[in-house]
Amino acid sequence: MSEHLVVRGAREHNLRNVDIDLPRDQLIVFTGISGSGKSSLAFDTIYAEGQRRYVESLSAYARQFLGQMDKPDVDFIEGLSPAISIDQKSASRNPRSTVGTITEVYDYLRLLFARIGVPHDPETGERLVRQTPQQIVDRVLEMEEGTRFQVLAPVVRGRKGTYDTLLEDLASQGFSRAIVDGQDHGLGDEVDLARYEMHTIEVVVDRLVLREGIGQRLTESMETALALAEGVAEIQIVPRSDDEEPTRIVFSQHLSRPSDGKSFEELAPRNFSFNSPYGACSHCDGLGSVFEVDSQLVVPNPELSLGEGAIAPWSGGRNRYFARLIESVAEDQGIDMATPWQKLPAKTQKMLLDGGLKERIQVRYKNRFGRTRVYSAHFEGVMPQLRRRHRESESDAQRDQIEGYMRQVPCPKCQGARLNPLSLAVTIGGKNLHDICALPIGEATQALESLELSDRDLIVAEPVLKEVNARLGFLLDVGLDYLSLSRSAATLAGGEAQRIRLASQIGSGLVGVLYVLDEPSIGLHQRDNQRLIETLVRLRNLGNTVIVVEHDEETILQADHVVDIGPGAGEHGGAVVFEGTVKGLLRSKNSVTGQYLSGRKSIAIPEQRRPGNGEFLTVQGARENNLQNLDVAFPLGALVAVTGVSGSGKSTLVNEILHKSLMQSVYKSKVPPGLHKGLLGAEAVDKVINIDQAPIGRTPRSNAATYTGVFDHVRKLFAKTEESRVRGYQPGRFSFNVKGGRCEACSGDGTLKIEMHFLPDVYVPCEVCKGKRYNRDTLDIEFKGRTVADILAMSCEEALEFFDRQPPIVRHMQTLVDVGLGYIRLGQPAPTLSGGEAQRVKLASELAKRSTGHTMYILDEPTTGLHFEDVRKLLGVLNRLVEQGNTVIVIEHNLDVVKTADWVIDLGPEGGVGGGTVVATGTPEDVAQVKKSYTGRFLKELF
28 MSEHLVVRGA
38 REHNLRNVDI
48 DLPRDQLIVF
58 TGISGSGKSS
68 LAFDTIYAEG
78 QRRYVESLSA
88 YARQFLGQMD
98 KPDVDFIEGL
108 SPAISIDQKS
118 ASRNPRSTVG
128 TITEVYDYLR
138 LLFARIGVPH
148 DPETGERLVR
158 QTPQQIVDRV
168 LEMEEGTRFQ
178 VLAPVVRGRK
188 GTYDTLLEDL
198 ASQGFSRAIV
208 DGQDHGLGDE
218 VDLARYEMHT
228 IEVVVDRLVL
238 REGIGQRLTE
248 SMETALALAE
258 GVAEIQIVPR
268 SDDEEPTRIV
278 FSQHLSRPSD
288 GKSFEELAPR
298 NFSFNSPYGA
308 CSHCDGLGSV
318 FEVDSQLVVP
328 NPELSLGEGA
338 IAPWSGGRNR
348 YFARLIESVA
358 EDQGIDMATP
368 WQKLPAKTQK
378 MLLDGGLKER
388 IQVRYKNRFG
398 RTRVYSAHFE
408 GVMPQLRRRH
418 RESESDAQRD
428 QIEGYMRQVP
438 CPKCQGARLN
448 PLSLAVTIGG
458 KNLHDICALP
468 IGEATQALES
478 LELSDRDLIV
488 AEPVLKEVNA
498 RLGFLLDVGL
508 DYLSLSRSAA
518 TLAGGEAQRI
528 RLASQIGSGL
538 VGVLYVLDEP
548 SIGLHQRDNQ
558 RLIETLVRLR
568 NLGNTVIVVE
578 HDEETILQAD
588 HVVDIGPGAG
598 EHGGAVVFEG
608 TVKGLLRSKN
618 SVTGQYLSGR
628 KSIAIPEQRR
638 PGNGEFLTVQ
648 GARENNLQNL
658 DVAFPLGALV
668 AVTGVSGSGK
678 STLVNEILHK
688 SLMQSVYKSK
698 VPPGLHKGLL
708 GAEAVDKVIN
718 IDQAPIGRTP
728 RSNAATYTGV
738 FDHVRKLFAK
748 TEESRVRGYQ
758 PGRFSFNVKG
768 GRCEACSGDG
778 TLKIEMHFLP
788 DVYVPCEVCK
798 GKRYNRDTLD
808 IEFKGRTVAD
818 ILAMSCEEAL
828 EFFDRQPPIV
838 RHMQTLVDVG
848 LGYIRLGQPA
858 PTLSGGEAQR
868 VKLASELAKR
878 STGHTMYILD
888 EPTTGLHFED
898 VRKLLGVLNR
908 LVEQGNTVIV
918 IEHNLDVVKT
928 ADWVIDLGPE
938 GGVGGGTVVA
948 TGTPEDVAQV
958 KKSYTGRFLK
968 ELF
């Protein structure tokens, strides 16, 4: 086997014919300025080719079910292993996906509870026991004399298949009838069952009437049914009248209630799955939450009267029917329509919201001829009516509209546990499955390790617990001890989701694999960084090649091999500046990374901290998630860094409480903030901008020019040219998203997709427009000798120079250059932008808008994907915003940002239940003196 992974002539995206030899079975770090081509080489070339070759080795039948990657633009690659990518874009958004299901820990726990769990009656709490056939017969004989019933054997319960052979066997054994999926069939009849659908088959063993002397026959029939259905039998009582439903009683040799003999089905792993009808809560279908109408959203402004539209869903011109109904109810009940809602009696408010009127209301209205008409209507109440419409509506648009007046709340039946009552009544060591999954992973590990089991249970549980503890151990190694197994995957940050997948890969124990990771240290505090690096080393030591795209100093310094790509970004990058050991990188004069790591270049600590403008924004009594009734003051007119270990409550405090409370105060938002008592000082803020990590668009039609709005100015400029005015062209003519000016052969995409079936789809330039997106007439229009297609092909730096006399365009272009994106092309498709680039496009878009001087900017880890040099540029932009009188709040782990902040709020001390308190506040120098602050310890090394 080759000892090197050899790449020759890599030209994907901005790569400039890169030749590189990477040592196999090593920890290799790709670093360099953002946009220099690291991901293009690691993911779009090496990983893509490894994945493509593996998929091509499969049969044509298998390939049609797998997504294939395009062949990268490279001369050849040799020494490739099967490749596994662990990036940040593939986190599950399925509400049924949890940390436990992703890591498969939940599957092992389901097996554990099914095998050694102690079942209890969900109603009485009695421990369930198993029944003998004679006890079952005695219970049946207690029924009323003359009762007609059938003895059934449920041989198939909720399983897929056609069951032709089974039905033939049953007929050959002498059985004549069976109930198949609720329908009575003769076993001699032809029963056609769909192979991939769930079926239930119950054999009719006997039909009886309860009278004296049937004990012997009943016993034989019951024993036959129990033998057929592996210890389970059913009694179906025939109703006395046609309008009654038949009653069923389940008997089991396995589980029953001692007090009255009521039977329960035998426990299987599926009874503990919230994705199965056998285990899921019937009220929320296993989601753990339901939509519930919120009275605060129904009446968002209690200062309004009924006549002024206090009841939001029933106000407005389109809701005339409901307005008439409210007027009629008010007239009937003697309610003044001009009285503000908050001054109405509580009893009246409750009646309007919840209903409760027994009599029908007489509703008067005038028809289009001016004649008064009257009809009677039942008033069910605003909230019950919204619930009913949400439940019954088949229109997604209407459901979305109603959900604007609802919030997700824990399911009232299962309290968010997702499982049905029987499943939750099964315990091990006094805890049910949800109790264990709701614990932070660190505590769950201790709870499972401290179980006291009998000798029999220990033999059964040992192999299962070994797998569970190993997987939990891997999660602890990547710094996720604060998460719980029940945490929804949709709520995980990108870095957390990536580290969970990393832990799963270590658990798989694969050898000889090429792993490609995208900045696994994102969202991780320095305290936990060493454990992550040890995990990467363990992955390498198993016999794998690990390529990590990373900017983190510690990770780079502990790599076996470093590749620095640059020297600049975009068209100025794409070349290998340095390749070799860390020692060689530190000595390299050409590498900007080496200059920062060696200390020859650094981000300066400001000589003086800004005190702010003297005003504060204070969150009172914050208690959402793990926050412990905090009072936190944010100084205005300063750069504020909110720090703390992962899971300490930073995002909850800033995004869930501060941001959403400000949105309510400033913009009257309907989105409810997290639990807190109040927010003081919001009147000092007149604009709130949250720049998050979500991509700017997932389709090639979205790009930096359209997102920032600069393309609107460009289209208007082209529409004002003399030739455009002669032809009558409007700005819409220069849009590639609408018919008129775009090339209709490719619908303005510039490329055509050719489906190759068993090969990956091929994208070829449109033959009509030659990839320019527009038709010939549109391209006849020029501004300063350039067409609109030429403008989209320009880099931001070029466009800044080209449009130097167009202030609106200059303002947008200058901000893109200032945030370090001068190299990206205006028409560059959004999916090709990295996470850091997308976030900086958003930042530039906001910077281009007029500042009021009282704006609050909130950024969640803005250094995501940024090199040291890019962080320096970002800090320059953020400081410029503060100098204009604005406030910038950043959630950040990067010490280069924290050390330059004016004020630091450090939460912790730990993650999860061990966090949620304020450990330290003040300038970075003040925080560095606080011994119990982990952030302070690392800051102290810098001062």
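Converting from the sequence shown to the numbering used here requires adding 27 to each position, the first position being numbered 1.
For glycine and all other residues, C-beta sits at the position ideal for the given N, C-alpha and C.
Mapping the DSSP letters down to three states, classify residue i as helix, strand or coil.
i: D807; result: coil
i: V795; result: coil
i: Y884; result: strand
i: Y74; result: helix
i: A260; result: strand
i: P122; result: coil
i: Q911; result: coil
i: D381; result: helix
i: H405; result: coil
i: F176; result: strand
i: H599; result: helix
Between the C-alpha atoms of residue i and residue j, what's the straight-line distance to the nearest angstrom?
i: L886; j: N682; result: 9 Å
i: F763; j: A424; result: 28 Å
i: R565; j: I533; result: 8 Å
i: V837; j: K687; result: 33 Å
i: E169; j: G500; result: 54 Å
i: L384; j: F406; result: 7 Å
i: K958; j: V667; result: 21 Å
i: G443; j: L314; result: 8 Å
i: I916; j: S61; result: 23 Å
i: A759; j: D97; result: In the sequence on display, residue 759 carries Gly and not Ala. Going by the C-alpha atoms only, they are around 34 Å apart.
i: V356; j: E421; result: 29 Å
i: E937; j: E606; result: 38 Å
i: L860; j: P834; result: 26 Å
i: R351; j: M364; result: 12 Å
Any idea which residues DSSP pairs residue i with across the strands?
i: D363; result: In the DSSP output, where bridge partners are listed per residue, D363 has none listed.
i: E319; result: R434
i: K393; result: T399
i: I206; result: D211 and E229
i: A307; result: L446
i: K458; result: I455
i: L331; result: L331 pairs with nothing; no bridge assigned.
i: H588; result: I55
i: N730; result: P856
i: G935; result: T944
i: V356; result: DSSP lists no partner for V356.
Ends of the alpha helix (DSSP H) at residue i?
i: D423; result: D423 to E430
i: M249; result: G242 to L255
i: I527; result: G521 to S535
i: R35; result: Not the alpha helix (DSSP H): R35 falls in the beta strand (DSSP E), residues H31 to A37.
i: P160; result: P160 to L168
i: P951; result: P951 to A955
i: R838; result: P834 to D845
Between the Cα of residue i and the Cα atoms of the options, which residue gives the shortest distance?
i: K370; options: P149, L331, A820 and V453; result: L331
i: L702; options: T735, N656, E710 and M690; result: N656
i: G201; options: D233, K187 and M225; result: D233
i: D71; options: D46, L42 and I47; result: L42
i: S303; options: S203, I163 and N447; result: N447
i: E952; options: E750, D555 and I632; result: I632
i: V844; options: I463, G469 and A731; result: A731
i: E30; options: E105, G64 and F92; result: E105
i: T375; options: Q360, R387, A365 and E386; result: Q360
Would the beta-carbon of residue i be found less than 7 Å away from any heavy atom of the ligand SAM?
i: Y74; result: Of ligands this structure carries none, so the ligand SAM is not represented either.
Could you pull the start and end residues of the beta strand (DSSP E) that residue i belongs to?
i: N496; result: Looking at the DSSP string, N496 is not in any beta strand (DSSP E); the run it does join, the alpha helix (DSSP H), is D482 to D504.
i: N717; result: K714 to I718
i: R558; result: First-last for R558: Q553 to N568, but that is the alpha helix (DSSP H), not the beta strand (DSSP E).
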